[in-house]
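Student:
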């Protein structure tokens, strides 16, 4: 889309975002999150105009079960980064927020110090319903925040459902927060989440140093048994206390080391390219499925054919073929 | 498809399979594996006729890295099951076999004792190319073997690529074989594979009993840290020596315990229904993508648009929309 085709109102949004003004930024995100079709078209135009100015931030994903101290950690990290002269945006992916009325980041008082900083921008999870919808809008918001000159974008997610995969797929480094009560209680690590982690952090290390050391050792063992995603990076296990602001500097140094290592090997750019292409294919697949499901004959037959497959009365191949031929 | 519509030759295949004759069984599988379109149509007709007679076997997936002793284990297990009066089929999923000329099960001499038993049927991996193609043909072969009255169907895969997921998605229980040299060498456990395991086996326990005990403890710890797939089953870690035929009976008792537990909770049937439906959707998605990629305007633009997305010159959403609108 050509930038010159933008309406004056949208042109003003683009200029405002690029001028790092918070009101146009918030308005642009609202446009992105809108369900209205005309808003969505306008949002894509604005996004295309902003795209050449995006890509400059470090994208940091943060996950962990409720109670692990995510907001305290993000507040401490955010304030530390601002002290270093950086601007920080905090976004969230929480597909449950439309049901629960906003379980994470809905309440800015959770990060009181950070939310009062002019160098910080905090945006709760969009309440678009499905994970796909929520993740897509957060990914687009991330690009807008980059165009607005934020140096670090933190994307938070709660350790429930498939949202961790979505966040790992839109960030440069995925960090998993853990509690020090290892062993049985570590069952909070869900299937496949440990493998996503580029960095594991044991929070609340001040409460029980002995338990923290045990948890760190156990997590190291578990990570050791998984083949790392990159030949150049073995996910480390750090310990810190977000409440006492101890270990935050060490955390950030590790993130910077990661960035240096991955940039040097070409994996940093490679991951971003791969993420963008995978995202495009995700949207294509979703679009193809949506068209398929809307087809009148598919709609008429899908339920009965699905039941026949479940009951072993039809093979999946014959069922798929029967439904697909309606598209001819 | 109506059975009465089958040609005489295909009717003879169906009758032969149901009469548990090995030649019609092998011919049917060859028909399924054929790339010819007319063969594929015939194969679907034969499969539909056999489908009501399938579902009776215990479907056991076996995976592990090269050198872990998969064929020795499958041979020992197969011979044990035959001693118990059961009939055993051994299939394989190996997407690399078309390249390597058949890396697993290609050579029946690997399971010399078992291959000479009339109660056993061993079939190498189809060499259809892509994992999707290989897995689909193996899944269909599995149904044919069930219609031929086999009591246990073992599906072997090599611990490389995504083939473990494919095998876990077509079997009732997925077993992961491990070597006793734990610790550093356990890096052979790939991302996400540990989570697929319903049962872990440390093979070659006779070589180094101390190392075996350590490996068992470490694997238990690692499994313990992952939330199990079923609330009713925590994947156990067994030790055995396939070479000495020690522990095979214990292995099979555990498989039977699993079946009893999962049947009682309804998860056994639930997993099969879910697998069948997921398989149908996999084929639908593949079919939709194939049609999409074949569309002349998509073919003309896909490469350039993909590059623009990778380079951050176009958003994935705009790119997907642009390509999808060609279907209108």
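Chains as they are written, first to last, in my numbering: chain A, 1 to 328; chain V, 1001 to 1328. Beta carbons: idealized from backbone N, C-alpha and C, even for Gly.
Measuring alpha carbon to alpha carbon, tell me which residue in V:1151, V:1005, V:1211 is nearest residue 1179 of chain V.
Tutor: Numbered from 1 along the second chain, position 179 holds the residue referred to as residue 1179 of chain V. Among V:1151, V:1005, V:1211, the Cα nearest to that of residue 1179 of chain V is on V:1211.
Student: Within its chain, find whatever has a CB closer than 8 Å to the CB of residue 244 of chain A; leave out the 5 residues flanking it on each side and keep chain order.
Tutor: Counting from one through the first chain, the residue named residue 244 of chain A turns up at place 244. Cβ neighbours of residue 244 of chain A beyond the five flanking positions: 206.
Student: Please report the distance separating the alpha-carbon of residue 167 of chain A from that of residue 19 of chain A.
Tutor: Working through the first chain from its first residue, we reach residue 167 of chain A at position 167. Working through the first chain from its first residue, we reach residue 19 of chain A at position 19. Computed Cα separation, rounded: 27 Å.
Student: Return the CA-CA distance between residue 36 of chain A and residue 30 of chain A, expressed in angstroms with no decimal places.
Tutor: As a working note, residue 36 of chain A is residue 36 in the first chain. As a working note, residue 30 of chain A is residue 30 in the first chain. Their Cα atoms are separated by approximately 11 Å.
Student: Can you check which of these residues, V:1274, V:1033, V:1279, is closest to residue 1126 of chain V by C-alpha distance?
Tutor: In the second chain, counting from the first residue as 1, residue 1126 of chain V sits at position 126. The option with the nearest alpha carbon to residue 1126 of chain V is V:1033.
Student: Keeping to the same chain, check which residues put their C-beta closer than 7 Å to that of residue 301 of chain A; ignore five residues upstream and five downstream.
Tutor: Within the first chain, residue 301 of chain A is the residue found at index 301, counting from 1. Excluding residues up to 5 positions away in sequence, 323 lie with their Cβ nearer than 7 Å to the Cβ of residue 301 of chain A in the same chain.
Student: Whole-angstrom Cβ separation of residue 65 of chain A and residue 13 of chain A, contact assumed at under 8 Å?
Tutor: In the first chain, residue 65 of chain A corresponds to position 65, counting from 1. In the first chain, residue 13 of chain A corresponds to position 13, counting from 1. Rounded, the Cβ-Cβ distance is 37 Å, inconsistent with contact.
Student: Take residue 1010 of chain V and list the residues in its own chain whose beta-carbon comes closer than 7 Å to its own, dropping the five residues that flank it on each side.
Tutor: Counting from one through the second chain, the residue named residue 1010 of chain V turns up at place 10. Only 1042, 1045, 1046 meet the Cβ criterion.
Student: Residues of chain A with a CB under 8 Å from the CB of residue 1315 of chain V: which are they?
Tutor: Start at 1 with the first residue of the second chain, and residue 1315 of chain V comes out as number 315. By Cβ distance, chain A contributes 44, 47, 48, 51, 140, 143.
Student: Straight-line CA distance for residue 321 of chain A to residue 216 of chain A?
Tutor: For the purposes of this step, residue 321 of chain A is identified with residue 321 of the first chain, where counting begins at 1. For the purposes of this step, residue 216 of chain A is identified with residue 216 of the first chain, where counting begins at 1. Computed Cα separation, rounded: 51 Å.
Student: Is it true that the CB of residue 1295 of chain V sits closer than 7 Å to the CB of residue 1326 of chain V?
Tutor: Numbered from 1 along the second chain, position 326 holds the residue referred to as residue 1326 of chain V. Numbered from 1 along the second chain, position 295 holds the residue referred to as residue 1295 of chain V. Yes, they are a contact pair.
Student: Within the same chain, show all residues whose beta-carbon is closer than 8 Å to that of residue 67 of chain A, passing over the 5 residues directly before and after it, in chain order.
Tutor: Position 67 of the first chain, counted from the start, is the residue given in the question as residue 67 of chain A. Answer for residue 67 of chain A: 179, listed in chain order.
Student: Name the chain A residues that come within less than 8 Å of residue 1285 of chain V, Cβ to Cβ?
Tutor: The residue given as residue 1285 of chain V occupies position 285 in the second chain. Going along chain A in sequence order, the residues near residue 1285 of chain V (Cβ under 8 Å) are 285, 288, 289.
Student: Find out if the Cβ-Cβ distance for the pair residue 150 of chain A, residue 286 of chain A is shorter than 7 Å.
Tutor: Sequence index remark: in the first chain, residue 150 of chain A carries index 150 (1-based). Sequence index remark: in the first chain, residue 286 of chain A carries index 286 (1-based). No.
Student: Which residues, in chain order, does the segment 250-279 of chain A contribute to contact with chain D at a C-beta distance below 7 Å?
Tutor: Chain labels in this structure do not include chain D; the protein chains are A and V.
Student: Whole angstroms are fine: how far does the CA of residue 235 of chain A sit from the CA of residue 1218 of chain V?
Tutor: On the second chain, position 218 is the one that residue 1218 of chain V refers to. On the first chain, position 235 is the one that residue 235 of chain A refers to. Answer to the nearest angstrom: the Cα atoms are 19 Å apart.
Student: What number of angstroms, rounded off, separates the C-alpha of residue 1231 of chain V from the C-alpha of residue 1261 of chain V?
Tutor: For the purposes of this step, residue 1231 of chain V is taken as the residue at position 231 of the second chain. For the purposes of this step, residue 1261 of chain V is taken as the residue at position 261 of the second chain. Between residue 1231 of chain V and residue 1261 of chain V, the C-alpha separation is close to 11 Å.
Student: Just grab the DSSP bridge partners of residue 1061 of chain V for me.
Tutor: Along the second chain, one-based indexing puts residue 1061 of chain V at 61. Answer is V:1155, V:1174, bridged to residue 1061 of chain V.
Student: Which residues bound the beta strand (DSSP E) around residue 239 of chain A?
Tutor: Looking up residue 239 of chain A in the first chain gives position 239. Looking at the DSSP string, the run of the beta strand (DSSP E) that includes residue 239 of chain A is 237-239.
Student: Quick check on DSSP: helix, strand or coil for residue 248 of chain A?
Tutor: Along the first chain, read from residue 1 onward, the residue named residue 248 of chain A stands at position 248. Residue state, collapsed to three classes: helix.
Student: Per DSSP, what kind of secondary structure is residue 122 of chain A in: helix, strand or coil?
Tutor: Here residue 122 of chain A refers to the residue found at position 122 when the first chain is read from its first residue. In the structure shown, residue 122 of chain A sits in a strand (DSSP, three-state: E or B).
Student: Return the chain-ordered list of same chain residues with a C-beta closer than 8 Å to the C-beta of residue 1250 of chain V, the five sequence neighbours on each side being excluded.
Tutor: Residue mapping note: residue 1250 of chain V aligns to position 250 of the second chain, counting from 1. Here the set comprises 1238, 1240.
Student: For chain A, check one thing: does any of its Cβ atoms lie closer than 7 Å to the Cβ of residue 1225 of chain V?
Tutor: For the purposes of this step, residue 1225 of chain V is identified with residue 225 of the second chain, where counting begins at 1. Using a Cβ-Cβ cut-off of 7 Å, residue 1225 of chain V counts as an interface residue toward chain A, since at least one Cβ of chain A sits closer than that to its own.
Student: Count the other C-beta atoms from every protein chain shown that fall within 10 angstroms of the C-beta of residue 63 of chain A, then say buried if there are 16 or more, exposed otherwise.
Tutor: Your numbering for residue 63 of chain A matches position 63 in the first chain. The residue in question, residue 63 of chain A, is buried, as its Cβ has 16 or more Cβ neighbours within 10 Å.
Student: Does the Cβ-Cβ distance between residue 1116 of chain V and residue 1087 of chain V come in under 7 Å?
Tutor: For the purposes of this step, residue 1116 of chain V is taken as residue 116 along the second chain, with counting starting at 1. For the purposes of this step, residue 1087 of chain V is taken as residue 87 along the second chain, with counting starting at 1. No, the Cβ-Cβ distance between residue 1116 of chain V and residue 1087 of chain V is not below 7 Å.
Student: Going along the chain, which residues of the segment 1145-1173 of chain V sit with their C-beta nearer than 9 Å to a C-beta in chain A?
Tutor: For the segment 1145-1173 of chain V, there are no residues whose beta carbon sits under 9 Å from a beta carbon of chain A.
Student: Can you pull the chain V neighbours of residue 54 of chain A, defined as C-beta to C-beta under 8 Å?
Tutor: Locating residue 54 of chain A in the first chain gives position 54, counting from the first residue. Those within 8 Å of residue 54 of chain A in chain V are 1312.
Student: For a contact defined as C-beta to C-beta under 7 Å, what are the partners of residue 1319 of chain V on chain A?
Tutor: Numbered from its first residue, the second chain carries residue 1319 of chain V at position 319. Residues of chain A passing the Cβ test: 280.
Student: Under 7 Å between C-beta atoms, does residue 2 of chain A make it to chain V?
Tutor: Locating residue 2 of chain A in the first chain gives position 2, counting from the first residue. Because the pLDDT at residue 2 of chain A is just 47, under 50, the model does not fix this residue reliably, and the value given afterwards should be weighed accordingly. It does not; no Cβ of chain V falls within 7 Å.
Student: Answer with yes or no whether the minimum CB distance from residue 298 of chain A to chain V is below 7 Å.
Tutor: As a position in the first chain, residue 298 of chain A is number 298, starting the count at 1. Output row for residue 298 of chain A: interface = no.
Student: For residue 1167 of chain V, write down the residues that DSSP places opposite it in a beta bridge.
Tutor: Here residue 1167 of chain V refers to the residue found at position 167 when the second chain is read from its first residue. Looking at the DSSP assignment, residue 1167 of chain V forms no beta bridge with any residue, so it has no partner.
Student: Between residue 1090 of chain V and chain A, is any beta-carbon pair separated by less than 7 Å?
Tutor: Taking the first residue of the second chain as 1, we reach residue 1090 of chain V at position 90. Nearest CB-CB separation between residue 1090 of chain V and chain A: not below the 7 Å threshold.
Student: Could you compute how far the alpha carbon of residue 170 of chain A sits from the alpha carbon of residue 242 of chain A?
Tutor: Translated into the one-based positions of the first chain, residue 170 of chain A becomes position 170. Translated into the one-based positions of the first chain, residue 242 of chain A becomes position 242. Computed Cα separation, rounded: 24 Å.
Student: With a threshold of 7 Å between beta-carbons, can residue 222 of chain A be considered close to chain V, or not?
Tutor: In the first chain, residue 222 of chain A corresponds to position 222, counting from 1. Judged by the 7 Å Cβ criterion, residue 222 of chain A is in contact with chain V.
Student: When we look at the beta-carbon of residue 209 of chain A and count the other beta-carbons within 10 Å, is it buried (16 or more) or exposed?
Tutor: Within the first chain, residue 209 of chain A is the residue found at index 209, counting from 1. Taking all protein chains in view, the Cβ of residue 209 of chain A is surrounded by fewer than 16 other Cβ atoms within 10 Å, so the residue is classified as exposed.
Student: Helix, strand or coil for residue 77 of chain A, going by three-state DSSP, please let me know.
Tutor: Within the first chain, residue 77 of chain A is the residue found at index 77, counting from 1. Helix.
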